[in-house]
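Numbered per my numbering, the sequence shown spans residues 1271 to 3231.
Glycine is no exception: its CB is placed at the ideal position from the N, C-alpha and C atoms.
Since the model is a prediction, treat every value here as computed from it, not as a measurement.
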Amino acid sequence: MVRERYLDDFPKMLVCILSGRQDCGLEAELTKTVSLELGKPLLMLVSSLRAQTCTPLSSDGESNSFLRAYISMREAASAALHGFQQTFTNILSSLPLSGKLISAVSGLVDAAVTYVSNGMATVLQIPMDYVQIALQFGIRIPSLDGKETCEQGDLKQLILWGINNNVSWSFSNSIIDILLDIFLGPEQSICTYPGPNCQYRPGVPFQGSFPEAKDGTNINPDILLKCDRHNLVELNDTLCADILMGSRVGSSTSVHTFCLALSSLSPNQTEQVWSNMCYVIKTLVSSLLSKSSDCSVGDTQPSPAVNLSFETLPIPGSAPQRVVREASNLKQLACNYDNWLENKVVDAVLVSLCSDNEYREFVKQVCNNATLMRKLLSNQMNSWLYGYCANSSADPGYMVSQFCLYEQWINQPTVLVDPSLLEFCMTLDSSRLTQLICDHTGFFVLLFSNPENGRFMPNCTSLPPPLPFPNINSLILDYCRYSEWHDVMQITIDVLSQCILLDQSGFTKEVCSNKTFLNSLLRNKENAWLESHCKSTLTFPPPEPTQTQAFNLASWCDYYTWGDRRVDDSVVALCWEYDQLAFQKNVCCKSSVFEKLLQDPLNKWLTSVCTDTKEIEEIAVLLQVCKYSDWTRPIIVDMTDLALCTEIDPLNFTSKVCANDTILQNLLANQDNTWLIQYCANHSNPVVSPGGNKGQVGLTGFNPAEQCQYSSWSISLPDAALLTLCWQHDQTSFVSSICPNTGLLFLLSREPSSLWVGSMCTTYSNYITSTNSSSSTTTTTTTTTTTDPNFCLARSLVRQLNWTCSADFTSACQPGASQNMALQMVVRCWVENRRTRVNDVLTPPVTTILEQAVSITVVILLAMEEAQNTSLHVTENIRLSVLGSVVHYLERENNFDKKRLLLQCFGRVLTSLMQTARDVTSNRFSVIKEYFSIPLSSLSSVLSSAHITTIRLILQYYSINRDTLQLPAKYLSTMVSVLFQVHLVKHDSLFPELALLLAAASPADITALPSLQNNINVRETINRHLADMTLDQRQAFGLWYSRGLLPSNIIRAQQSFIRDTGNLITYLPFYNFQHLSPAQLLDGLDVLLKNSLTSLKQEFIAHSIISTYRNLTAQDFTRLGNLSCLADPEDLLVYKDTVVFSTIRDIVMNCSREGLSLPSRLISSVLLNSTELKVPSSLSPYQLAELGHLLPLLGVTFLQGVTPLQLLAVLPALNSVSFSPAQASIIVDKMSSVSTLTAPGQLQQLGSLIVGIKTETLLTLTSDRLLSSLPAMAQHTPGLSPPQAIAISTKLWGFPEVIGWQDDIEPLLYCTPLLSIQSRTRLLVNNITTASTKPWNTQQAQAIFKEVLETKPNLIKQDFLNLGTVGQGLSCKVLQERFSADSTPTSVRRILAFLRRQPGPLHTSLKKCVIEKLYQFEFFSELLKDLGAEIALSMPVSTVKKFPSDMMDALRKVIVQDPHHFLLLSRTKQELLVDKLVQGMSMYTGVFTEQEFRSLGIMATFVVDEVFIQLDRSFFINNLDFLRGLCYSSSKMDIVARILQEPAAFGPVNNWNQTTISQVDWFLFFLPDNKLQEIPLALMTVGRIEKLFMSHRRWARRDVGIFCSDENEKRRLFEKQQFVLQFFLGFLKMNAGSPTPMVPTCEILLTTAPSAWTSNSLTSMSSSAFSNCLELMGRDPFLASYQRVQLLNKVKQIYGPASSFSQSVIAQLGGIAVELSLGELSSLRLTERSSIAALGAVSTWNNRQLSALFTNVLNSTKQSPSQLDSSILVAMGHIVCGAKTTEMNSFNAVEFSKAVLWLGQLKLSCSEEQLLALVGLLAHSLAFGPISLWGTDVFIEIGVLAAGLPDMAMSALVKEQIEGITSAAVSMIPPKKFAVVFNQKQIGMFSYEQATAVTKDQLSALSDVQRRALALVLTPWEDRPLNVRVGKSLGLALSHSPLCLILGLLMLLVLPCPDLICPGS
């Protein structure tokens, strides 16, 4: 043992010995033997020394002898210590300390401290390493697992984690405070249990550092000093890992040897080392800390360690609050539970101590033993057991079965249920007990006949309100069992009345029909009325009941009769439960009724509920303000809220606040609430009065001599009430007994409720001092000093020692301050003075070692607290230091993983360290601030792990700082999602605090909310914040709320139901909303109208109210507002001759003015049915202006009757009305006859009437006139006709100054010919700054960009992204060069953003170019969201199908965000693309859910039929409004029709009602004809049919409707509309000779469609009505030929032969003119461009008609073909093809090249020769020049005319030119020519859109090689897997089999249709 390296090898030998290995060597065995031999005498020595410190106890056998001895010992020790302190203080006070002496002593102390510190640092380094390693082995630090979760760490784990992660813990001050609290702590009361003579004084409860379970409760931790540990930390997670790796600098050899030895052990051996070492240390510590056997009771042996106990949390209520107390040796307490059953009496003190210190055993032996628990509960002092066991780990089911015997309670009604027992059952069995109370009126009466139980009365309205009598049968069984009516004299009038009311048929059969039974009942004179009743019912038998009658509350609760008759007690209870408001008014407030009911003993409970009449109204206030349960947590409560609660709820306030010290202390944190002390002192009314006299209430009989036992207050402090009473009634004794007692004063000063005593005593002392001074003439200095009331020992000593100290002396200098407090202050000041000097002399290494030692010491102290279950004041002293260090660490740490672990795994302990503060923005809340810096990817897991208190602090911080935080929407959405799904489920009280975040919640999270619908606070919170939410969020809340609201609840609800519920009810699904009654709707109309109502709900409200009530007032209609316009016109016409009708007319006028779609009947009957309108010229300007918006409905005949002067007078009212061209032309012509509209300043006043200006007039205007009018025209340019638009633009672009007019001409750029632009490109490029901001079309931008490339190439290289709107003209070459020049992701994203900002659609070639280039980049997968929908959708489906799931999802999101470009795709590509997306989402099996449907957006209806038919039916029914906004193919229409008829939807159509039709809306047109005929005829009124047409038209005019359907689907829908109208209006049932069922008006043709009516009905219209609608008929594309013929005949009847048709009539004819003969066409006078344009827009002319029309145009205009300008050519449209080839050749090439912008968009029927001639004009040198020089821009401009290119020119086209050919032009190329001019290489250059335009005839003319080239364009077989890293194909790929490829190619050879090509792409 004395060899040289023995000490170096000792750690290795020690590890080997402790591990139990046998191969440790001889030295190790010798060491082990010697250690064991030396250990025994050492332990004996320590034990003998300990024995001297404990006086043997008496053996009187009393159970509390140990306590007495222990208390005596502590008293003796305390007295000795007090004497020493007094002596030390006196010495310090009397020493004459001079400055020199102090300096000398100071220097000596500095040297000593420096020497000792340096020495300690050297000595402590190695032991601290050992201790740190041991702690790291024993304390497992939490870490994140694979699921990103972790256990919550405690305080010691947090500190140890900080040591490992270089957190600078600053515990130097804290360790001194801890030691001072331990050794110089304030005097403690030696009373260790609560009782009548020994009341526990509340203080700071002990908070162990235990970890918590996920539910927030404490779990049994791994105690550090526990020896049988099996879950030690691995070696790699300790300091040894760093030492062995060499990364630890300065570690000693012995520690390295120790770690090396540990590394060689197995886990079991490591555990053995821990266990053995633990027992060694434990034995030594136990010998030092435990008492000797002389101090034990009986045979009980000292325990080496005390088991850990838990702090119990009492349930809220009246049970006495208990706090854990320390017992240093439990087994001496004689907790022998078996003896407790045998003993007659068990001491309540012993029960309390055992419960605190033997938690587990106590729960097992008492809470789980009903017999013993009943015995203990027989002693009122043990009533706290109910709360204790309810919150324990005992089996709740067992306790409920033993104590909550509800049947026994009911069977023993005379035995009152104790409030403690009721609270116990309410805690453990709340749901069942509440249900029983609410359902069983007898049980309700039994419980609450005891007024003390009133606070447990549940809110039965929060339950789903069941009918008191669920069905008629149960009622009959209870009351109307006629066979059991043996003693008929006992049958009361009430019973007879109710049986007659609810069982009329049964009563008649069983009673009235039985004469004997009836006569026996009539013997009771009170039943005499029964005879007449039976006679009438036998004469007129009541009908058999068809359905269960609803419970009628009014029939039972007929309060007006209760004063005159006896009312059954169950009925009284029933009415109180379900009709409280009326009950208060009619019973509680009527003394006669109230007193009569109290005559029945069973109604005595009414005295506890019939209090102030305001009580019911105040319930809501109580629930929202007086949240007593929340006040148990440390929160700030406003003073006004407390004052309100004391006023309206004084009893509960006193019992729950004043009697609860925890709540009282929390409320006093707000300094404004200090008045509570006096209030509670004045109002406290405990059951046990102050002093302990049980049963004595109030001040009556208060005896100060008996109750004010001042001498006992040092042991047991009085409560606030007793203290106040003694002061008020015994002031003399109070002052003389309390004020001189400094110890007692100190104890009282530590309690907020008794702080006033110290101030009072100070005042008293000052008064005595001043009195004595005035009466005494001589006093010595010593006396003066001694009697100085302001003398402070601590301050005096510090001044005497000449120390500067920043400490607060208030606590040490207040009256009654102890010597310990003074010495603490002196020591703190000494340390403060030494610290600055010590810091100067200590080196950094020494400082680091000492700080580490202090930190480890703190961990050990925390572990000791945990093991001994005692408080060493560690937590409260280090709290601020820990928080400060954590905040500093978070501020400087950049590694978020570490910060995340700190927040997620130690969040709860950090929160517990943050005490409640009024200033939430203080530095300590910097920890909370860090939660708002969490990356989005980690936010969910961190917040999910947070404790509810942490969450509340986070929400509190957010509410104060939300404006400065500026959190992104995604962050808030994720945050609220976690709070909803994780925390709100467990803590529904959190909801009001989430109010500010509700607007960030997603609809999915909202609908997944827990069931809190019956929580009034939740509902009101939602109501207040609905206005801040989107419509989707509001509807989600409505859907959520509907789950707790059955239709029966709505039907049975009161009239004020909507007002009571609030805004939320507006957003209920219509399935629930439709059950609202008209009375409820009218009552709650104001609530409904201030929210966003769907059109369906608006119509429902209007129909329900107006069709039900026939006596509505003008005020009612004013409240309804525009909803009145949605009512049936017949319901409104009821008021026609009343004063109300003028209000209705004003409302309908306002609806029409706002552009709402109104039924024709409503307009014609309410607005246009006036005699004044029959003579338009008689209208005043005011009247005409009022009718301005209705003039288009009045039509051309009315306008022709208005005088020009009238029109001029109301021009300001007309210039914003949308007139048709014919109507606008009439108005303009009339005004032109009396005013020069082309004069300066006049043209711009026309507004929308500009469309009525003749093109010929516009051509005569000067440039300045046009320019000045353009800003006004700009608002109406979409209304300009093509001839008008091109006339203005070509005229202005003919001036060189046009470059300077760019801002003015901007609105007309869309209709400016390319030829006009080409001549100005040089000037535009010179002014590129302006040009780059204008909305050029694609071909214009290409022309300008080409000029930029030629003249300013450096501009592209240097400032490419500043080209602005010219960017859509980029060439592929330049774009790819820019990508290659800088291929970084940032640069690429900037270019993509530049392309997305272009004003018009990008050309197909440019999009293809982008995809081809980006596909080569490694980061292509990351760019998908940056592409935008337009470019992304240009990718081939074959490329998309290879996307991985994340890219597929990104593409889906891009499309959903911008669906417009998806609608522009071909139907085939749409379906293929969606099919690939659906495959990635695995949606081919199971229900097509709402989430899946909504995730697809506009694409949802493009899924395959097999998926669509699985659509969730509940989603379908509740979201028809949303579904009607989507696109449906023919097959989807059939599926929708099938779903509508399913029982889960609306069922068979013959059962549909008005509401059903409103819900189905225009989906009705999807039904097959045979099903449509089954709809009840009464439902399909004219008004309903109009609404269906108008609704469909609104859809058809939207983006979806415009691009959705092809011509066949549009034709199908039209035919269905036509069938519906003609079938339900009777047209299809007519006989040949029967009259027309209905003659339409022009108004109804506007709401429906002329082609939907029969031709006979149209020709039966009056001439004026027909003339008004002629323009509408001419534009109808679905008019059949036979209809057009009859309509043309009607036109001739009105206007005469064709030769007499005016220009206006010709312009209105439109498609009807096709039926004119050649002679009639030739006789037309086509002098104006407007009439020419009307005929030129018709595409159905035959060649002969076209020729006749072209010739007529030349003749009418008196012009030759060469004189035709661009505006006439544009007006001609299709008529151009009527010109002969020779005539075409003579066209002005320049004018025609300008007109080609419009002509090229038409599907011209010109022959091949004609097209060739027209192309020749375009190739003129003054036009676009030689074809070989044409670029993409020219081919885009000429459109279909590209089909006329000569064969040689077409075959020579290059890629750039082919890219410009439109799809329409491709389809017009003759098949043979197509096959000749395009070789396979050129076909391979086609885009997908061009390839799909190839017709069947063209395909059949192609060769095999050409077909293959076309197939590769349509279905490129690029089955390479997309590598998301490099964007290239690698390895094998999933692809079509060779057989599939071969078969696919064979199909191409055989099948002519390209759509039949294998759709696998």
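Asked                                                                                                                                                                                       : Found
Sort S1533, V2128, I2230, R2170 by Cα distance to L2213 and report the nearest one.                                                                                                         : R2170
Under the rule that 16 or more other beta-carbon atoms within 10 Å means buried, what is Q3029, buried or exposed?                                                                          : exposed
Ordered along the chain, which non-local residues of its own chain (more than five positions away) have a Cβ less than 6 angstroms from that of P1666?                                      : L1698
So within the region 1692 to 1738, which uninterrupted alpha helix (DSSP H) runs reach at least 4 residues, ignoring any that extend past its ends?                                         : 1700 to 1709, 1711 to 1718
Can you give me the start and stop residues for the alpha helix (DSSP H) that M3118 sits inside?                                                                                            : 3117 to 3121
Check I1287 in the structure and name its three-state DSSP category.                                                                                                                        : helix
Given this structure, state the Cα-to-Cα distance separating T1910 from I2148, to the nearest angstrom.                                                                                     : 35 angstroms
Where do the N-terminal and C-terminal ends of the alpha helix (DSSP H) with Y2952 fall, by residue?                                                                                        : 2951 to 2965
Whole angstroms are fine: how far does the CA of L2351 sit from the CA of S2374?                                                                                                            : 8 angstroms
How many angstroms separate the CA atom of D1569 from the CA atom of C1605?                                                                                                                 : For D1569, the predicted model reports a pLDDT of 39, less than 50, meaning its position is unreliable; a value from the coordinates is still stated below. Their Cα atoms are separated by approximately 14 angstroms.
Using beta-carbon positions only, say whether L2516 and P2577 come within less than 8 angstroms of one another.                                                                             : no
Which parts of the region 2719 to 2773 are runs of the alpha helix (DSSP H), unbroken and 4 residues or longer, counting only runs that do not cross its ends?                              : 2730 to 2733, 2737 to 2750, 2760 to 2766
So, does the region 2203 to 2217 touch the region 1409 to 1420, judging by three or more C-beta pairs under 8 angstroms?                                                                    : yes
What is the rounded straight-line gap between the Cα of I2221 and the Cα of L2249?                                                                                                          : 8 angstroms
Rounded to the nearest angstrom, what separates A2372 and S2394 at their Cα positions?                                                                                                      : 6 angstroms
Taking all protein chains shown into account, do 16 or more other C-beta atoms lie within 10 angstroms of the C-beta of T3185, making it buried, or fewer, making it exposed?               : buried
Do you know offhand how far S2440's Cα is from S2974's?                                                                                                                                     : 28 angstroms
Using a Cβ-Cβ cutoff of less than 7 angstroms, which residues in the same chain neighbour A2935 once the five nearest sequence positions on both sides are dropped?                         : T2911, C2912
Below 8 angstroms between beta carbons: does that hold for A2494 and V2466?                                                                                                                 : no
L2781 by DSSP, collapsed to three states: which one?                                                                                                                                        : strand
Helix, strand or coil for L1418, going by three-state DSSP, please let me know.                                                                                                             : Reading the sequence as shown, one finds Glu at residue 1418 and not Leu. Coil.
Quick check on the DSSP output: the alpha helix (DSSP H) that includes A3301 runs from which residue to which?                                                                              : Nothing can be reported for residue 3301: it is not among the residues displayed for the chain, which extend from 1271 to 3231.
Unbroken beta strand (DSSP E) runs of length 3 or more, entirely within the region 2276 to 2329: which are they?                                                                            : none
Might you give, ordered along the chain, the residues of its own chain that have their beta carbon closer than 7 angstroms to the beta carbon of I2964, omitting 5 neighbours on each side? : S2933, F2936, S2937
Within a Cβ cutoff of 7 angstroms, which residues of the same chain sit near R3195, ignoring the five residues on either side of it in sequence?                                            : Only weak support is given to the placement of R3195: the predicted model assigns it a pLDDT of 33, under 50, and the value that follows is read from those uncertain coordinates. Hits under 7 angstroms: E2688.
Please tell me whether, using a cut-off of 7 angstroms, the distance from the CB of L2562 to the nearest non-hydrogen atom of the ligand NAD is below it.                                   : With respect to the ligand NAD, the structure shown offers nothing to examine, as it has no ligands at all.
Near C1915, which residues of its chain fall below 7 angstroms by C-beta distance, leaving aside the five closest residues on each side in sequence?                                        : V1895, C1896, F1923
Relative to the C-alpha of Y2685, which candidate in H2143, Q1292, S1534, V2710 has its C-alpha closest?                                                                                    : V2710
Do you know offhand how far L2633's Cα is from S2602's?                                                                                                                                     : 6 angstroms
Grab me the residues of R2722's own chain with a C-beta within less than 6 angstroms of its C-beta, minus the 5 sequence neighbours each way, in chain order.                               : L2747
My guess is that V2128 and I1445 are in contact by the Cβ rule of under 8 angstroms, so how many angstroms apart are they, rounded?                                                         : 7 angstroms
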